[in-house]
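Data block below; observations after.
Below, the structure is given as structure tokens:
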């Protein structure tokens with residue numbers, strides 16, 4: 049069975065190829081993409097602050113605000129750049145005293161289209177029964193010639 053790239057359940061996800069050529073250094077391409085995500089997301093969504101953390105073993109958190117984590121996960125040259133409601137103890141403790149979940153979901157709904165436009169080069173079309181994913185170039189990537 050094929051193993052897909054990981055990302056948090058319920059997240060907004062933009063997909064990208066990590067390496068575009070035969071001679072690319074994948075580690076360098078990854079670090080460049082991480083830098084691009086941080087700079088672009090902070091410019092588009094100023095409430096984000098740098099954050100070093102993980103969700104599980106595969107989903108790296110790069111940025112965080114009061115409601116969401118922005119991060120990256122990779123597998124076999126495919127990067128999933130994701131935006132997900134926070135799921136840490138401090139968030140849920142704060143939510144207990146001053147509910148944030150509804151506001152977080154509203155914020156995610158507001159920014160999801162712009163997030164996909166900023167980072168999405170590939171669109172997930174579907175999956176085979178063995179779990180392998182099928183992608184196509186997104187319209188925005190085709191229009192810009194990426």
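Residue numbers (the numbering used here): 49 to 194.
Backbone N, C-alpha and C fix where the C-beta goes; we use that ideal spot for every residue, glycine too.
Under 8 Å, do residue i and residue j count as touching if we go by C-beta distance?
i           : j           : result
residue 130 : residue 60  : yes
residue 184 : residue 173 : yes
residue 170 : residue 186 : yes
residue 74  : residue 120 : no
residue 164 : residue 175 : no
So which of the options has the shortest CA-CA distance to residue i?
i           : options            : result
residue 154 : 119, 114, 186, 54  : 114
residue 133 : 62, 151, 180       : 151
residue 85  : 74, 106, 103, 63   : 63
residue 92  : 177, 168, 162, 175 : 162
residue 156 : 177, 53, 118       : 118
residue 102 : 96, 177, 111, 166  : 111
residue 96  : 116, 107, 106      : 116
Can you say whether residue i is buried or exposed, counting buried as having 16 or more other CB atoms within 10 angstroms of its CB?
i           : result
residue 109 : buried
residue 55  : buried
residue 87  : exposed
residue 137 : exposed
Are at least three pairs of beta-carbons, each pair with one atom in the segment 125–135 and one in the segment 59–68, less than 8 Å apart? Result yes; three or more Cβ-Cβ pairs closer than 8 Å.
Report yes or no: do the segment 135–149 and the segment 75–85 share at least 3 C-beta pairs separated by less than 8 Å? no
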